[in-house]
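What follows is a short report on a single structure.
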Amino acid sequence: MAQDDLYRTVVLERARAPRYSGPLAGAQMRGEGSNPLCGDRVRLQASVDAQGRVAALRHETRGCAICAASADLMAERVTGQDRARISQLHADLATAVETGMAPEGLDELSAFAPLHRHRSRIRCAMLPWSALVEMLNDDKDR
Amino acid sequence: MMDQTVASPADIAGSLRHIRADFPILSQKVHGKDLVFLDSAASAQKPRQVIDAMADTMRTQYANIHRGLYWMSERTTEAYEAVRDQVAAFLGAGAREEIVFTRNSTEAINLVAHSFGSLLKPGQVVLVSEMEHHANLVPWQMLRDRTGIELRVTPITDDGALDMDALARNLSDGRVALVAITHMSNVLGTITDARAIADMAHAAGAKVLFDGSQLAVHRRVDVRALDADFYVVTGHKLYGPTGIGVLWARREILEAMPPFLGGGDMISTVSFERSTWASVPHKFEAGTPAIIETIGLGAALAYIESIGFDAIGAHEEALTAHALKALGNVSGLKVIGTAPDRGGVISFTMDDVHPHDIATLLDRNGIAVRAGHHCAEPLMRRLGVSATARASFGIYTTPEEIDFLAATLEQIRGFFV
């Protein structure tokens, strides 16, 4: 069968056995993102530290392997990061999936770069990130 | 094209080669692989006869219709109106005036919801089923919200057939004005017993509309034998172009209905104070229509008729039986919808592998299937799934393609599970 480097081991592993799924005790923020076109849904719970960095993030994802793996890798990657760094990672991931070229420092998230050849699936990887950015912005506005 | 014959399976295997040769796209490569197109229920591919008819019209005689006094306009008008006769024959209509050209089935149903719907009174009921495409649900919700009619939903059974007992109960209060039900589900492949539904609807004083978008591709439709009141089809699933669909309705119903869209072509006289309407069907065809697409539809119907529904039906029955067996052998694969009377549209899930992942990995192997909710979200909820993958067949589909699908699915499963 023709394989696809999109479904790399890291994507399959995280989709099958997520490390950051489930509810978060003591969560200070909750967010949700959904894609009505395909029914994917990501629910997020997060806590932040005194400096405004994400202290912990958990996700509950109902969706495809791309969406589930993206949520899990995101939760791992943004832990300990502030809003500015998270925005940068979001933008870099968007660049990677649009162009197929991963900006430096994206590391494991570059697994999604092959999505540039599957344009209808880009939103699957971006859904957790847009939900996260929205949740953090909503919190900032309060 | 081939002569119209009663085909045996052996004939079809032989003629499949010829049929496939008529569809230029089938020789395309996708990701370096042979295209295996299993998404004809979404939109079918086009034979060269359709492509040529449209291109030849534009190359040699194109002009606007119904108004030009010159040679080209007259020839194009003749070609366009000849398709109305073809469609009337294709659907078994009583008269060419009963054929209204629309953009697609969705627009045809919206026309009925808007125009016939305006004759309904608050408290009257439009009855749909649980397995409707959004196209046969949302227009009725909009009508309900505009006029205060009631929208009632008849459930399906667990195997995906229409629950006829529930239909009888839903009709029993005598308030149903219209039963609007699919003739073949785009998700489950279920073929409904249209004649029985029509008889029940009429006995309860209701009119009946069938969404024939899927069925008309696979079986001969005879609107008079079905005793239907409205029947809608769309050209692009019938191997014709996009942008052309058909509403058939009984002449007396069309005559009683007010126009849908206003503009040129649909009027008799116009003054600044008032206008009077053209006779049917032109009353419902405002503006310059999809001339080239209509001529393309005519070529598509001629193509289908040249193969004949005996051959098409035999081919499809054999393919569907083959597919149900081949897919049934794939580990973890569950076919959604097992109604006794069904066509070549097969929805399935495979363990916990998401249908979108299935579709992407099939695509890498050149196989095109649909994945998602198939414009039938309420049905997905009824079935307890958020999405399915769907393989659907056309006159060009081969058993070998289905075997390749099954083998590739087995490999994809091994990849995830």
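Just so you know, the sequences run in chain order A and B. Sequential numbering from 608 applies to the first sequence in the numbering used here. Sequential numbering from 2 applies to the second sequence in the numbering used here. Yeah, the Cβ is synthetic: ideal placement off N, Cα and C, and Gly gets one too. Since we're looking at a predicted model, the values are computed, not measured.
Query	Result
Pull the bridge partners of B/Tyr232 from the DSSP assignment, please.	B/Phe211, B/Trp249
Who are the neighbours of B/Ser387 on chain A, taking C-beta pairs under 9 Å?	Cys645, Gly646, Asp647, Arg648, Arg669, Gly670
Please tell me whether B/Thr350 and B/Thr409 are closer than 8 Å, where the distance is taken between their beta carbons.	no
Could you spell out where the alpha helix (DSSP H) holding A/Leu664 opens and where it closes?	Where A/Leu664 is concerned, there is no enclosing alpha helix (DSSP H), although the beta strand (DSSP E) it sits in stretches over 661–669.
Can you tell me where the beta strand (DSSP E) with A/Arg650 in it begins and where it stops?	647–655
Output, in chain order, the set of chain A residues within a Cβ distance shorter than 7 Å of B/His355.	Gly670, Cys671, Ala672
For B/Gly338 versus B/Thr191, is the C-beta distance shorter than 8 Å?	yes
Which whole-angstrom value describes the C-beta separation of B/Met267 and B/Pro260, a residue pair presumed to lie in contact below a C-beta threshold of 8 Å?	6 Å
Thinking C-alpha only, which one of B/His283, B/Ser272, B/Lys335 is nearest B/Arg252?	B/His283
Determine which residues of the segment 347–377 of chain B have a Cβ less than 7 Å from any Cβ of chain A, and write them out in chain order.	His355, His357, Asp358, Thr361, Leu362, Arg365, Asn366, Gly373, His374
Which residue from B/Gly161, B/Thr243, B/Ile157, B/Arg21 puts its Cα closest to that of B/Asn105?	B/Thr243
Taking buried to mean at least 16 other C-beta atoms within 10 Å of its own C-beta, is B/Asp4 buried or exposed?	Unreliable placement is indicated for B/Asp4, whose pLDDT of 42 sits below 50; no coordinate value is reported for it.
Using a Cβ-Cβ cut-off of 8 Å, state whether A/Leu696 counts as contacting chain B.	no
Distance cutoff 8 Å, beta carbons only. Does B/Val154 sit that close to anything in chain A?	no
Per DSSP, which one or two residues make a beta bridge with B/Met267?	According to DSSP, which records beta bridges pairwise, B/Met267 is partnered with nothing at all.
Just how far apart, CA to CA, sit B/Asp342 and B/Glu318?	10 Å
Under 9 Å between beta-carbons, which chain A residues line up against B/Phe417? List them in chain order, please.	Tyr614, Leu619, Ala622, Arg623, Ala672
Of all the CB atoms in chain B, is at least one closer than 8 Å to the CB of A/His725?	yes
From B/Thr148, B/Lys335, B/Ala167, pick the residue whose C-alpha is nearest to that of B/Arg414; which is it?	B/Lys335
How long is the line joining the alpha carbons of B/Ala176 and B/Thr103, rounded to whole angstroms?	According to the sequence provided, residue 176 of chain B is Arg. The question's Ala does not apply to it. Approximately 29 Å, taken between the alpha carbons.
Please decide whether A/Arg730 counts as near chain B, where near means a Cβ-Cβ distance under 8 Å.	no
Can you look up B/Ile150 in the DSSP assignment and give me helix, strand or coil?	coil
State yes or no: is the C-beta of A/Arg648 within less than 8 Å of the C-beta of A/Ser641?	yes
Round the Cβ separation of A/Leu613 and A/His725 to the nearest angstrom and send it over; I've been treating them as touching at under 8 Å.	6 Å
With B/Thr392 and B/Ala312 assumed to form a contact (beta carbons below 8 Å), what rounded beta-carbon distance in angstroms separates them?	Looking at the sequence itself, residue 392 of chain B is Ala, so the reference to Thr does not match. Not really, about 21 Å apart at Cβ, beyond 8 Å.
Beta carbon of A/Ala672, beta carbon of A/Leu743: below 8 Å?	no
Between the beta-carbon of B/Trp141 and the beta-carbon of B/Ala109, is there less than 8 Å?	no
Within a Cβ cutoff of 6 Å, which residues of the same chain sit near B/Phe231, ignoring the five residues on either side of it in sequence?	Val113, Leu210, Ala250
Keeping to the same chain, check which residues put their C-beta closer than 6 Å to that of A/Val740; ignore five residues upstream and five downstream.	His697
Could you round the C-beta distance between A/Leu680 and A/Arg621 to whole angstroms and report it? I think they count as a contact, below 8 Å.	6 Å
Determine whether the beta carbon atoms of A/Gly638 and A/Arg660 lie at a separation below 8 Å.	no
Mapping the DSSP letters down to three states, classify B/Met143 as helix, strand or coil.	helix
If we ignore side chains and look at the alpha-carbon of each, how far apart do B/Phe416 and B/Leu363 end up?	12 Å
What distance in whole Å lies between the Cβ atoms of B/Ala291 and B/Gly264, which are believed to be in contact at a cut-off of 8 Å?	Actually they do not touch by this definition, with Cβ atoms about 15 Å apart.
Using a Cβ-Cβ cutoff of less than 6 Å, which residues in the same chain neighbour B/His135 once the five nearest sequence positions on both sides are dropped?	Cys376
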